[in-house]
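> Pasting in a structure now, in structure tokens, and then I'll have a few things to ask.
2 protein chains.
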Amino acid sequence: MVTGMEKPYVVGMDIGGTNTVFGVVDSRGNVLATDSVKTQSYSKIEDYVEAVCTKLRPLIESFGGVEKIKGMGVGAPNGNYYNGTIEFAPNLPWRGVIPLAALFEEKIGVPTALTNDANAAAIGEMTYGAARGMKDFIMITLGTGVGSGIVVNGQLVYGHDGFAGELGHVIVRRENGRQCGCGRKGCLETYCSATGVARTAREFLVARPEPSLLRDIPAEEIVSKDVFDAAVRGDKLAQDIFEYTGRILGEALADFIAFSSPEAIILFGGLAKSGDYIMKPIQKAIDDNILKIYAGKTKLLISELKDADAAVLGASALGWEVRDI
Amino acid sequence: MVTGMEKPYVVGMDIGGTNTVFGVVDSRGNVLATDSVKTQSYSKIEDYVEAVCTKLRPLIESFGGVEKIKGMGVGAPNGNYYNGTIEFAPNLPWRGVIPLAALFEEKIGVPTALTNDANAAAIGEMTYGAARGMKDFIMITLGTGVGSGIVVNGQLVYGHDGFAGELGHVIVRRENGRQCGCGRKGCLETYCSATGVARTAREFLVARPEPSLLRDIPAEEIVSKDVFDAAVRGDKLAQDIFEYTGRILGEALADFIAFSSPEAIILFGGLAKSGDYIMKPIQKAIDDNILKIYAGKTKLLISELKDADAAVLGASALGWEVRDI
Chain Y
1 MVTGMEKPYV VGMDIGGTNT VFGVVDSRGN VLATDSVKTQ SYSKIEDYVE AVCTKLRPLI
61 ESFGGVEKIK GMGVGAPNGN YYNGTIEFAP NLPWRGVIPL AALFEEKIGV PTALTNDANA
121 AAIGEMTYGA ARGMKDFIMI TLGTGVGSGI VVNGQLVYGH DGFAGELGHV IVRRENGRQC
181 GCGRKGCLET YCSATGVART AREFLVARPE PSLLRDIPAE EIVSKDVFDA AVRGDKLAQD
241 IFEYTGRILG EALADFIAFS SPEAIILFGG LAKSGDYIMK PIQKAIDDNI LKIYAGKTKL
301 LISELKDADA AVLGASALGW EVRDI
Chain H
1 MVTGMEKPYV VGMDIGGTNT VFGVVDSRGN VLATDSVKTQ SYSKIEDYVE AVCTKLRPLI
61 ESFGGVEKIK GMGVGAPNGN YYNGTIEFAP NLPWRGVIPL AALFEEKIGV PTALTNDANA
121 AAIGEMTYGA ARGMKDFIMI TLGTGVGSGI VVNGQLVYGH DGFAGELGHV IVRRENGRQC
181 GCGRKGCLET YCSATGVART AREFLVARPE PSLLRDIPAE EIVSKDVFDA AVRGDKLAQD
241 IFEYTGRILG EALADFIAFS SPEAIILFGG LAKSGDYIMK PIQKAIDDNI LKIYAGKTKL
301 LISELKDADA AVLGASALGW EVRDI
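Here the protein sequences line up with chains Y and H, keeping their order.
Letter 201 of the first sequence, counting from 1, is numbered 201 in UniProt numbering, and no numbers are missing.
Letter 241 of the second sequence, counting from 1, is numbered 241 in UniProt numbering, and no numbers are missing.
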């Protein structure tokens, strides 16, 4: 029988459209070492797995080999926890259903679990971050898109098919909603992602005549960080963009609370770090839209996972939960 | 040690704004006997509990006494499972927080659990009805209001405070939404409850010039059953009312699926029995609005609980789960 002390590490891996980052993590949530490969460089999944393993094996060896690794957790877009697969991920180079957990398990010899990136973030937050000790919370990831990981009764909500928790694709505008990458219109992520903020900036700059620091930037090049920088410098239009974004997000969060009545909603990602510019309008919109029975009960928090490591850390937390092979 | 065979019955109780119905139920879901009191006749909670017990005790005696009763389950508006309380229920005569489970436990001597009526229906469906064997489903109750009971990983979702699952109060119309009894505007239940259907009928009759069987009824007296009867007789306007109602409900259900990816959504209550008039537009709106990853996966079902007994049966199912006193 192997005890936890004899397997003091886990491996976390975050598969993004651009980079795949992986690292060795200890039980206190320290990311001890990381390495990465370019996801898009490998059109064949076998080549990709081989490239990752070529860098991951020496990393594992430097911490005493696979016998010191409790498990590996992988966070990936369209990841399915039940099957250990990535299924029809539009931003990854591999088509169809990819049995990625099994491929790594075979190559590395460590039990491997896989889930989508937002679920991995939620597990990370519950294991190492702001949700420690919470049994009911919702993690909202505000990045290029909007993702979510929902925890109920201390368990991730995977649903009957492993794909639960796509709150970025709840429809928040049924009339004249913005076109979403998913093919539908009015999804939350078309407004409240980083790209949604940039779209709002372009819309506001056309619709409103007033001066703004954002007019110094070619409209198509504006990113959400520019809006933040302008807001900090007192730019009213930039501040209004956050107001608008925060209101739409807060309205949606008030509805999410009616679903699972979480102890907290935890925001993760660049936008969440825009401070009061975004957090105040979110909180106000929650307060203005919440059903009375829930009023003032759900905390609005910012992720405590450190940015650079967060994705690897989140995925690694899953490594503690896997059953042995 | 008492085995299950020695306690073959449970008591189920449904507390409604008008009537309180209670009955003895066996393990196969047969409601063996029921009785009732008028909820509104008792402005003091002590008098109410006494009145219920006066009728419930002989009922229990006729099945062998409390030693044959495994537990009692109570479904009540604004019921809180964690505390066994009814809290600030607007349609009940008692103000504030009422420790109803404890009051009955003390008077009757049977362990008692309490939850809201929609959660009770969900547990009933899981125990005796269409959701047997399901671990992930959503129960939507379409009555005077719209309620919900959400099951994730085989467990009712109560949330951190015991009040999760108020999907009737998700906002479906942010602009010009109908006034809801909860004080907000645009809630799902203002459109998709029985009263919502009647409101739609009155709106359509004003807005549209065409003849309709519904014009034979004084507008303020129209109820959803009238709309159904007219639809069956081929009345186009009545059929359009169901189209409209079904579309709004289906749009909302597509969003709910993005939350918990349930195996099924089960509709309960009078409206659900309007057959294809309502079910077809609901299904179409789900199909038109669902995120691709969920397409065609979630079954849309009608409750299998028999109408007259359903509320008592649902509540009684909770009686099997209570811990002994």
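Every residue gets a Cβ at the ideal spot worked out from N, C-alpha and C, and that includes glycine.
(1) Count the other CB atoms, across all protein chains shown, that sit within 10 Å of the CB of residue 75(H); report buried if there are 16 or more and exposed otherwise.
(2) Whose Cβ in chain H lies nearer than 8 Å to the Cβ of residue 289(Y)?
(3) Among 262(H), 258(H), 231(H), which residue has its Cα nearest to the Cα of residue 148(Y)?
(4) Can you tell me whether residue 277(H) is helix, strand or coil according to DSSP?
(5) Terminal residues of the continuous alpha helix (DSSP H) containing residue 61(Y)?
(6) Do we get a CB-CB distance below 8 Å when we pair residue 163(H) with the residues of chain Y?
(7) Measure the alpha-carbon distance for residue 43(Y) versus residue 97(Y) and round it to whole angstroms.
(8) Anything in the region 255 to 268 of chain Y with a Cβ closer than 7 Å to a Cβ of chain H? List those residues in chain order, please.
(9) Just to confirm my understanding: we take residue 4(H), look at its own chain, exclude 5 residues before and 5 after, and list those with CB closer than 6 Å. What are they?
(10) So if I threshold CB-CB distances at 9 Å, which residues from the region 107 to 136 of chain H count as touching chain Y?
(11) To the nearest angstrom, report how far apart residue 242(Y) and residue 252(Y) are at their CA atoms.
(12) List the residues of chain Y whose Cβ lies closer than 9 Å to the Cβ of residue 233(H), in chain order.
(13) Tell me the DSSP bridge mates of residue 155(H)?
(14) As an exercise, report each continuous alpha helix (DSSP H) stretch of at least 4 residues that is fully enclosed by the region 92 to 180 of chain Y, in chain order.
(15) Taking residue 59(H) as the reference, give the member of 41(H), 260(H), 209(H), 25(H) with the closest Cα.
(16) Output, in chain order, the set of chain H residues within a Cβ distance shorter than 7 Å of residue 81(Y).
(17) On the premise that residue 283(H) lies in contact with residue 314(H), defined as a C-beta separation below 8 Å, what is that separation, rounded to the nearest angstrom?
(18) Just mark residue 247(H) as buried or exposed, buried being the case when its beta carbon has 16 or more other beta carbons within 10 Å.
(19) On the DSSP letters alone, give me the boundaries of the beta strand (DSSP E) that residue 229(H) sits inside.
(20) From residue 200(H) to residue 233(H), what does the alpha carbon distance come to, in whole angstroms?
(21) Could you tell me whether any Cβ in chain H is nearer than 8 Å to the Cβ of residue 75(Y)?
(22) Assign residue 36(H) to one of three DSSP states: helix, strand, or coil.
(23) For residue 324(H), which residues of its own chain have a beta-carbon under 6 Å away from its beta-carbon, when the five flanking residues on both sides are left out?
(24) Quick check on residue 70(H): buried or exposed, where buried means 16 or more other Cβ atoms within 10 Å of its Cβ?
(25) For residue 87(Y), I'd like the list of residues in its chain whose CB is within less than 7 Å of its CB, leaving aside the five on either flank, ordered along the chain.
(26) CB-CB under 7 Å to residue 318(H), same chain, minus the five flanking residues each way: which ones, in chain order?
(27) Just curious, the beta strand (DSSP E) that residue 15(H) is in, first and last residue?
(28) Going along the chain, which residues of the region 238 to 253 of chain Y sit with their C-beta nearer than 8 Å to a C-beta in chain H?
(29) Taking Cβ positions, are residue 138(H) and residue 262(H) nearer each other than 8 Å?
(30) Between residue 326(H) and chain Y, is any beta-carbon pair separated by less than 8 Å?
(31) Taking DSSP as the reference, what is the three-state secondary structure of residue 89(H)?
(32) Using the Cβ count rule (16 or more neighbours within 10 Å means buried), how would you classify residue 295(H)?
(33) Using the beta-carbon count (16 or more within 10 Å), is residue 193(Y) buried or exposed?
(34) CB-CB under 8 Å to residue 162(H), same chain, minus the five flanking residues each way: which ones, in chain order?
(35) With 16 as the cutoff for other CB atoms within 10 Å, does residue 206(H) come out buried or exposed?
(36) Specify whether the region 8 to 28 of chain H and the region 47 to 64 of chain Y touch according to this definition: at least 3 beta carbon pairs, one from each stretch, less than 8 Å apart.
Looking at the coordinates:
(1) buried
(2) 171, 184
(3) 258(H)
(4) For residue 277(H), the secondary structure class from DSSP, reduced to helix, strand or coil, is helix.
(5) 45 to 61
(6) yes
(7) Those two C-alpha atoms are separated by around 14 Å.
(8) 255, 258, 259, 260, 261, 262, 263
(9) Its pLDDT being 48, under 50, residue 4(H) is placed unreliably in this model, and the value from its coordinates should be taken loosely. Contacts found: none.
(10) Residues 134, 135, 136.
(11) 15 Å
(12) Neighbours of residue 233(H) on chain Y: none; closest Cβ ~32 Å, over 9 Å.
(13) 152(H)
(14) 100 to 108, 117 to 128
(15) 25(H)
(16) Simply none; closest approach about 11 Å.
(17) Contact doesn't hold; Cβ gap of about 25 Å is too wide.
(18) buried
(19) First-last for residue 229(H): 224 to 232, but that is the alpha helix (DSSP H), not the beta strand (DSSP E).
(20) 19 Å
(21) no
(22) Of the three classes helix, strand and coil, the one that applies to residue 36(H) here is strand, per DSSP.
(23) Within the same chain, and ignoring the five residues on either side of residue 324(H) in sequence, the residues whose Cβ sits closer than 6 Å to its Cβ are 111.
(24) With a threshold of 16 other beta carbon atoms within 10 Å, residue 70(H) meets it and is buried.
(25) 78, 80, 97
(26) 73, 113, 115, 120, 123
(27) 9 to 15
(28) For the region 238 to 253 of chain Y, the set of positions with a beta-carbon nearer than 8 Å to some beta-carbon of chain H reads 251 in chain order.
(29) yes
(30) The structure shown does not extend to residue 326(H), since chain H is modelled only from 1 to 325, so the question has no answer here.
(31) DSSP places residue 89(H) in the coil class of the three-state scheme, outside both helix and strand.
(32) Flag for residue 295(H) reads exposed.
(33) buried
(34) 80, 81, 82, 83
(35) exposed
(36) By the Cβ test, the region 8 to 28 of chain H is not in contact with the region 47 to 64 of chain Y, since fewer than three Cβ pairs between them sit closer than 8 Å.
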